[in-house]
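Enquirer: So the sequence shown is numbered by my numbering: it starts at -13 and just counts up by one.
Backbone N, C-alpha and C fix where the C-beta goes; we use that ideal spot for every residue, glycine too.
I have a structure I would like to understand better, so I am pasting it below and will then ask my questions one at a time.
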Amino acid sequence: MDIGADEAWTNHCLDESLLKNYSQSMHKLASQFWDANNKNDPSSCRISWITYNVLKYFQEDYFHEVVREKSLAEKFIVNWVDNNVICMPEKPFYLLDVGSCYNPFQKYLPFKVLPIDIAPATENVIKCDFLLVPLDTKLNIFKNVCQTLPLSSFDIVVFSLFLEYFPSPLQRYKCCEKAYKVLRPGGLLVIITPDSNHASSNSMLMKNWKISLSSLGFWRIKYVKLTHLHCMVFRKCFLEQIPKSWLHSLNITNNVKDLITIPQDSRNYNKIDKTPKMLEKRDDYMVANLFSELTNI
Ligand SMILES: C[S@@+](CC[C@H](N)C(=O)[O-])C[C@H]1O[C@@H](n2cnc3c(N)ncnc32)[C@H](O)[C@@H]1O
């Protein structure tokens, strides 16, 4: 029976032991295997990649991006006034790590981190369902549970291996919309999503993500395909009309909320053969291979 994404999500969230089990396994996989294998190399470690690129933006590229936005404003005939530019943020940069699991950014001193997760794997992570948590003027945490997140407050929002957790593109879109609201103008949304295929095989998908996020007021300033990951940095423009005008110039107006798709979305689960099968030796090899592929995430 098809129950739809929202009901599927509600049912999933009710199963606390399943959520906990997942995040603890994820913590173990990331800290005991991936971190040990990738030696903090930004060309293979997602956390180092994010840290390197975010610091480069705030410490070297910030004004270059402001100049670029100003020239785009001229191109799309959007009214630009110089006091659009709010002062450049200073260290420590305020980072919201959504789906943090085990707070992997805590060791980086340039960040003041708020790590949130629907099922924290460690005690220093705050419990919060990002999809449902209300926004307000202030951060409100009660008994290690986040009650409200503050609007226009963060320099950086990180979605690392997070969006693909949701069953529908619309839920992913709502998360990006929320990230837009909690970011300061000029702030960054960093998205990391897994994919071990060649860069060209899902390039259309990534282009659609760019379109969808542009409709919210983000401008993509960096995109890199690593062996097993797509890594993207989106900047919250001072003027949301700029990315929206870009979309308008391409005649893109429809379905922008349904474009954050992942390869699993197009799988027809009704057609999958559900008759129980005996596991064979070659199934073990297949699973082992799958994980060895991910050793340098
Ligand atoms: C694959 S793990 C990624 C952990 C970490 N970000 C990393 O890169 O290693 C995804 C995490 O997202 C969390 N999560 C899923 N849905 C969430 C939601 N709605 N709000 C907050 N966290 C969520 C899960 O509990 C899980 O810990």
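For the candidate residues ILE197, ASP181 and SER235, whose alpha-carbon lies nearest to that of VAL210?
Expert: It is ASP181.
Enquirer: For the putative contact between LEU135 and LEU121, defined by C-beta atoms under 8 Å, what is the C-beta separation to the nearest angstrom?
Expert: Yes, they are in contact, since the Cβ atoms of LEU135 and LEU121 sit about 5 Å apart, within 8 Å.
Enquirer: Please list, in chain order, all residues of the same chain as GLN157 whose beta carbon is under 7 Å from its beta carbon, the five residues on each side excluded.
Expert: ALA(-9), TRP(-5) and LEU117
Enquirer: What is the rounded straight-line gap between the Cα of MET192 and the Cα of ARG221?
Expert: 16 Å
Enquirer: Between the C-alpha atoms of VAL53 and LEU215, what's the straight-line distance to the nearest angstrom?
Expert: 30 Å
Enquirer: Going by the CB atoms, is the gap between VAL168 and LEU82 shorter than 9 Å?
Expert: yes
Enquirer: Let me check you understand the geometry: is the CB of VAL84 closer than 8 Å to at least one non-hydrogen atom of ligand 1?
Expert: Yes; taking the cut-off as 8 Å, the Cβ of VAL84 has a heavy atom of ligand 1 nearer than that.
Enquirer: What does the alpha-carbon distance come out to for the pair ASN282 and ASN26?
Expert: Residue confidence for ASN282 is low, a pLDDT of 45 falling below 50, so the modelled location carries little weight and cannot support an answer.
Enquirer: Would you call LEU4 buried or exposed, if buried means 16 or more other Cβ atoms sit within 10 Å of its Cβ?
Expert: exposed
Enquirer: Between PHE97 and PRO75, how many whole angstroms is the CB-CB distance? I'm expecting something under 8 Å.
Expert: A Cβ-Cβ distance of about 11 Å is found for the pair PHE97 and PRO75, leaving them out of contact under the 8 Å criterion.
Enquirer: Determine contact between the stretch 15 to 30 and the stretch 40 to 52, defined as no fewer than three beta-carbon pairs at a distance below 8 Å.
Expert: no
Enquirer: Taking the alpha carbon of ASN110 as the reference point, which residue from VAL143, LEU125, GLU2 and LYS129 has its own alpha carbon closest?
Expert: That would be LYS129, whose Cα lies nearest to the Cα of ASN110.
Enquirer: Would CYS31 be called buried (16 or more neighbouring beta carbons within 10 Å of its own) or exposed?
Expert: So CYS31 counts as buried.
Enquirer: In angstroms with no decimal places, state the Cα-to-Cα distance between VAL131 and ILE207.
Expert: 33 Å
Enquirer: Are the beta-carbon atoms belonging to ILE228 and GLU55 less than 9 Å from one another?
Expert: yes
Enquirer: What does a CB cutoff of less than 8 Å around PHE140 pick up in its chain, not counting 5 residues either side in sequence?
Expert: TYR80, LEU81, LEU82, LEU100, VAL168, LEU169, ARG170 and GLY173
Enquirer: Taking 9 Å as the cut-off, decide whether the C-beta atoms of VAL84 and ALA185 are in contact.
Expert: no
Enquirer: Less than 8 Å separating the Cβ of PHE220 from some heavy atom of ligand 1?
Expert: no
Enquirer: Note the first and the last residue of the continuous alpha helix (DSSP H) segment covering LEU4.
Expert: Residues 2 to 14.
Enquirer: Counting C-beta neighbours from all protein chains within 10 Å, is the total for CYS73 16 or more, i.e. buried, or is it exposed?
Expert: exposed
Enquirer: Would you kindly report the start and end of the unbroken alpha helix (DSSP H) that includes ASN194?
Expert: 189 to 200
Enquirer: Using only the alpha-carbon positions, how far apart do ASN24 and SER34 sit?
Expert: Straight-line Cα distance between these residues: approximately 10 Å.
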